[in-house]
């Protein structure tokens, strides 16, 4: 049962990862600049944030904040390769902050209807892929983070551990629980 959920998540988020693969650098011999990073990685990071916070405008804000933070700390980077890891971690942490603020706001304000995904964000996905993305949005934030970083981000357990600030063991157990929950959510969607 868990295997089919993992296969569906891997197929859907892998499909999105392929669509979002960064283009080759414009100036391969020149040193990497902040502008190059922005041009090459911005949309991929926005889509990563959308999968985590489920709202395009907020995702763009999270990514913009990540690039702003990188700009402030540009002189402190070890090398240009560290910049992508910095951005990815900043997007994950920024997404977590957004979700915490949402939770706090919900505790004080009567719940409102969940924002529907935009037609554009799902237009290129098949019905099966749409059901995976919908089920993914119902997972708890940490489970969603781990699956998105693993299958969309293409990160190893060690990289997920670093980006999410959790141990490798927690990455494994969270991924396992997330796939089980995803399978149940997808089965429930099929019955409705």
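Residue numbers (my numbering): 1 to 192. Just so you know, even glycine gets a beta-carbon here, dropped at the ideal spot from N, CA and C.
Nonlocal neighbours in the same chain, by C-beta distance under 8 Å from residue 45, ignoring five residues either side: Within the same chain, residue 45 has close Cβ partners 63, 66, 87, 88 and 91.
Cβ contact check for the region 71-85 and the region 144-158: 3 or more pairs under 8 Å: No: the two stretches stay apart, fewer than three of their Cβ pairs being nearer than 8 Å.
Exposed unless 16 or more other CB atoms sit within 10 angstroms - verdict on residue 107: With fewer than 16 other Cβ atoms within 10 Å, it is exposed.
Where residue 166 falls: helix, strand or coil (DSSP): Here residue 166 sits in coil by DSSP.
The region 177-191 touching the region 133-149, judged by at least three CB pairs closer than 8 Å: Result yes; three or more Cβ-Cβ pairs closer than 8 Å.
Pair within 7 Å by beta-carbon distance, residue 149 and residue 158: Their beta carbons are not under 7 Å apart, which means residue 149 does not touch residue 158 by this criterion.
Supposed close pair residue 161, residue 168 - CB separation, criterion 8 Å: At roughly 5 Å, the Cβ-Cβ gap stays under 8 Å, so residue 161 and residue 168 are in contact.
Test item: CB-CB of residue 58 and residue 98 under 7 Å: Yes.
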